[in-house]
Amino acid sequence: DTEVTQTPKHLVMGMTNKKSLKCEQHMGHRAMYWYKQKAKKPPELMFVYSYEKLSINESVPSRFSPECPNSSLLNLHLHALQPEDSALYLCASSRPGGAQFFGPGTRLTVL
Amino acid sequence: KNEVEQSPQNLTAQEGEFITINCSYSVGISALHWLQQHPGGGIVSLFMLSSGKKKHGRLIATINIQEKHSSLHITASHPRDSAVYICAVIPTGNQFYFGTGTSLTVIP
């Protein structure tokens, strides 16, 4: 299995909602990443988990809360988002220093 | 200043043409990636390079570590090659620095 899966594919939420994005991989990768990508821009790194511990947090607002419950799963909990948070959220995984495998992304729209 | 610069930003080619996309970076790196992203889609890793040259089908990637430069070449381009191509470097650890991307359109 050489795939990173993300659910849901699309999400529309209001500014008062709480929702979660899910990412899963079964390649034995111990590094997992969340990226945010706006239209026509490269991905921006949000968080990196290494061996299930948060190793990088790129000054992301607290309305985004990551969680890595085990080595295969990565969640991104969303609460009180703003319309400018609408974007494609990409998950990736890798061996340390290795090629990153990206998921298909979750297209998030905040109303 | 972005640590990773790509050129050109936009490229339109006729089917069958040879295409080159360039990437220059300003930091020391352990590896460089070339990524492909189709419109609205996820990202596919094409190559990971730390030296020399790699080839996969019609795609060729080269890197010159001393000059801090890499190129992605597409031979016999096809409309299905239309995508955004992103160069990303790994200075240390796990973190990527991304280039701004090159949007390629191949016209039949």
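Protein chains in written order, with the numbering used here: chain A, 1 to 111; chain B, 1 to 108.
Built from N, CA and C at the ideal position, the CB exists for glycine as well.
Could you tell me if residue i is buried or exposed, where buried requires 16 or more neighbouring beta carbons within 10 angstroms of its beta carbon?
i	result
V48/A	buried
L139/A	Lying outside 1 to 111, the shown extent of chain A, residue 139/A is not represented and no answer is given.
K18/A	exposed
M134/A	The displayed coordinates of chain A run from 1 to 111. Any statement about residue 134/A would go beyond what the structure contains.
Q14/B	exposed
Q82/A	exposed
T5/A	exposed
G99/B	buried
S70/B	buried
K36/A	buried
V4/B	buried
T18/B	Position check: residue 18/B holds Phe in this sequence, whereas Thr was assumed. F18/B comes out exposed.
Cβ atoms of residue j and residue i: under 9 angstroms apart, would you say?
i	j	result
L90/A	L108/A	no
A88/B	H33/B	yes
G119/A	I90/B	Residue coverage of chain A in this structure runs from 1 to 111, which leaves residue 119/A outside it and unanswerable.
Assign residue i to one of three DSSP states: helix, strand, or coil.
i	result
E67/A	strand
R80/B	helix
E52/A	coil
E67/B	coil
E84/A	helix
Taking 9 angstroms as the CB-CB cut-off, is residue i touching chain A?
i	result
T100/B	yes
V44/B	yes
L72/B	no
Please report the distance separating the alpha-carbon of residue i from that of residue j.
i	j	result
T12/B	T20/B	11 angstroms
L21/A	G42/B	15 angstroms
S86/A	I29/B	32 angstroms
P108/B	H73/B	19 angstroms
A92/A	Q100/A	6 angstroms
L111/A	A80/A	11 angstroms
G16/B	H56/B	17 angstroms
K53/A	Y33/A	11 angstroms
H29/A	S94/A	5 angstroms
Let me see if you follow: with CB-CB separation under 9 angstroms, is residue i close to chain B or not?
i	result
T103/A	Checking the displayed sequence, the identity of residue 103/A turns out to be Gly instead of Thr. Closer than 9 angstroms to some Cβ of chain B, the Cβ of G103/A qualifies, so yes.
L108/A	no
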